[in-house]
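Below is one structure, written out as structure tokens, with a few remarks after it.
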Amino acid sequence: MAETTGRLRQARAALAASFLLQGATFALLVSCIPEIQRRYGLDDSLLPVFLAAVPILAGAGSIASEALVRRSSPRTVLRVVQPAVCLALAAVGVGTALWQLALALAAFGLLVGALDASMNMLGVGLQHRYGRSIMLGFHAAFSLGGIAGAAVAGLGAHRGNPLSVLFAGSAAVLIPAALLVGTRFAGPAELGDAVEQAARAAGRAVPWRPLLPLCLAMAVAYIADASVSNYSVKYLTDTLHSPDDLAKLSYLGYMLAMLAGRALGDRGVQRFGAVAVVRVGAATAALGFAAAAVAPAPWAGIAAFTLLGLGICAIIPQVFAAGGRLMPADSDAAVARLNLFNYVGFLVGSPLVGAIGDAGSYRAALLAPMLLVLVILPLAGHFAPAPARESKEPAQAH
Numbered sequence: 058m059a060e061t062t063g064r065l066r067q068a069r070a071a072l073a074a075s076f077l078l079q080g081a082t083f084a085l086l087v088s089c090i091p092e093i094q095r096r097y098g099l100d101d102s103l104l105p106v107f108l109a110a111v112p113i114l115a116g117a118g119s120i121a122s123e124a125l126v127r128r129s130s131p132r133t134v135l136r137v138v139q140p141a142v143c144l145a146l147a148a149v150g151v152g153t154a155l156w157q158l159a160l161a162l163a164a165f166g167l168l169v170g171a172l173d174a175s176m177n178m179l180g181v182g183l184q185h186r187y188g189r190s191i192m193l194g195f196h197a198a199f200s201l202g203g204i205a206g207a208a209v210a211g212l213g214a215h216r217g218n219p220l221s222v223l224f225a226g227s228a229a230v231l232i233p234a235a236l237l238v239g240t241r242f243a244g245p246a247e248l249g250d251a252v253e254q255a256a257r258a259a260g261r262a263v264p265w266r267p268l269l270p271l272c273l274a275m276a277v278a279y280i281a282d283a284s285v286s287n288y289s290v291k292y293l294t295d296t297l298h299s300p301d302d303l304a305k306l307s308y309l310g311y312m313l314a315m316l317a318g319r320a321l322g323d324r325g326v327q328r329f330g331a332v333a334v335v336r337v338g339a340a341t342a343a344l345g346f347a348a349a350a351v352a353p354a355p356w357a358g359i360a361a362f363t364l365l366g367l368g369i370c371a372i373i374p375q376v377f378a379a380g381g382r383l384m385p386a387d388s389d390a391a392v393a394r395l396n397l398f399n400y401v402g403f404l405v406g407s408p409l410v411g412a413i414g415d416a417g418s419y420r421a422a423l424l425a426p427m428l429l430v431l432v433i434l435p436l437a438g439h440f441a442p443a444p445a446r447e448s449k450e451p452a453q454a455h
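The sequence shown maps to residues 58 to 455 in this note's numbering.
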């Protein structure tokens, strides 16, 4: 028993490290969008097209990974795709023609989708074995990796490192780390039939209608997240005329706030309730977008995006938690349904901000996600624990 417990702890730590490595890889890519544009001569009108292609292909990669997992295992898929994602990042940095960028981003999107799916499959399996919620810790590790990736990108910009050196050098560190971490991923000895049980639960018929308000909240939250991920650094460089290294702090501040908020958010929910936390978070996020839109200087923009991260951080985990409470017998299936809408949010967010920014200004573009985030306010009641919601509704005969 002690040996099994020890292997589970190792597997949990390895998966947390995998989330951290992915957070660093993603942050390196999105915080260097201005440099990518300059390297490939990619104008603002084409940028939303390239950015939108990544979540579309990530969705395809996520779906394809299900077939791969059935033929092998989540551990096997994750061991292969995580180093491959790092290679795709390096490829983004070494090309010079638009078709090379298109191929590299296509590979990145497909692989990230498979990576995201296999990581979360392993996480769900481990959570089943632990018998308690541990998924938030994995997502906190992703935020920590994002902080590290944004910091490395900022240091590279400060030192004037070319994109090829930054991405290839980062891949040279990330790939061996991914290979090493992969040796400790959970397998049949640690998980037993936990993954299969989760897959069967996700395959049961689950009604969409009760989940729709939460799906909308998830999509809006990820529209906000995609807006920051893809355009915060660009906004500081193009609109607030920030140096490249200083501009990287906008995403770094956002991820720091996300990490701090996720570390302390559970206490806030326990004290004030999920409804209050979600409402305050949505209002704070909207205020952050508004502050960024009127920011007079780079440091004001960095502060605004940091405030925005503090607002968004609790909403996404609370969507998952509310879905699990809403359908306790099919919580895995509910979470799987809700997770689809992170791709919807990314698919809408990047083109929306990019199109408005290209047609007018990026100050005006930031007002679009600001207004959408406010949609979460009237939806906050759906985050209440089931007994609280039921007490407000007349009893129905069954």
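Just so you know, even glycine gets a beta-carbon here, dropped at the ideal spot from N, CA and C. No experiment lies behind these values; they were computed from the predicted model shown.
Residue burial annotation: Ile204 is buried, with at least 16 other C-beta atoms found within 10 angstroms of its C-beta.
Comparing alpha-carbon positions, the option among Ala343, Ala229, Tyr292, Asp100 lying closest to Ala141 turns out to be Ala229.
For the pair of segments examined, the stretch 167-185 was found not to touch the stretch 265-278: the number of CB pairs separated by less than 8 Å stays below three. Going by beta carbons, Leu404 and Pro112 fall inside the 8 Å limit. Looking from the CA of Ser130, the closest CA among Ala243, Gln327, Leu367 belongs to Ala243. The criterion of a C-beta distance shorter than 8 Å is not satisfied by Ile93 and Leu231. Around the beta carbon of Ile359, a 10 Å sphere encloses 16 or more other beta carbons of the protein chains shown; the residue is thus reported as buried.
In the assembly as shown, Ala124 is an exposed residue. Its beta-carbon has fewer than 16 other beta-carbons within 10 Å. Under the three-state reduction of DSSP, Ile191 is assigned to coil, being neither helix nor strand.
Between the stretch 329-337 and the stretch 281-289, the count of Cβ pairs shorter than 8 Å is below three; the stretches do not touch. In this structure Leu313 does not touch Thr341 by the C-beta definition: roughly 15 Å separates them, more than the 8 Å allowed. For Gly358, the enclosing alpha helix (DSSP H) covers residues 355-369. When Ala331, Leu172, Ala437 are compared, the shortest CA-CA separation from Ala117 is found for Leu172. Residue environment analysis places Phe329 among the exposed positions, since fewer than 16 neighbouring C-beta atoms fall within 10 angstroms of its C-beta. Straight-line measurement puts the Cα of Gly239 at about 42 Å from the Cα of Asp415. Counting other Cβ atoms within 10 Å of its Cβ, Tyr400 reaches 16 or more and is therefore classed as buried. For Ala147, the closest C-alpha among the options Ala343, Ala225, Ala379 is that of Ala225. Comparing alpha carbon positions, the residue from Pro270, Gln327, Cys370, Ala378 closest to Pro435 is Pro270.
Counting the other Cβ atoms within 10 Å of the Cβ of Gly152 gives 16 or more, which makes it buried. DSSP places Gly244 outside both helix and strand once states are collapsed to three, so it counts as coil. Fully contained in the stretch 125-213 are the following alpha helix (DSSP H) runs of length 4 or more, in chain order: 131-151, 155-187.
In the DSSP assignment, Leu429 falls within the alpha helix (DSSP H) that extends over 424-430. Exclusion of the five residues before and after Leu85 leaves Gly206, Ala210, Ser227 as the residues of its chain whose Cβ lies within less than 6 Å of its Cβ. Across the structure, Ala208 and Met315 are spaced so that their CA atoms are roughly 15 Å apart. For Leu223, the enclosing alpha helix (DSSP H) covers residues 220-239. By a beta-carbon distance limit of 8 Å, Ala379 contacts His439. Their separation comes to about 6 Å.
Between Ala235 and Leu428, the C-beta spacing is not below 8 Å.
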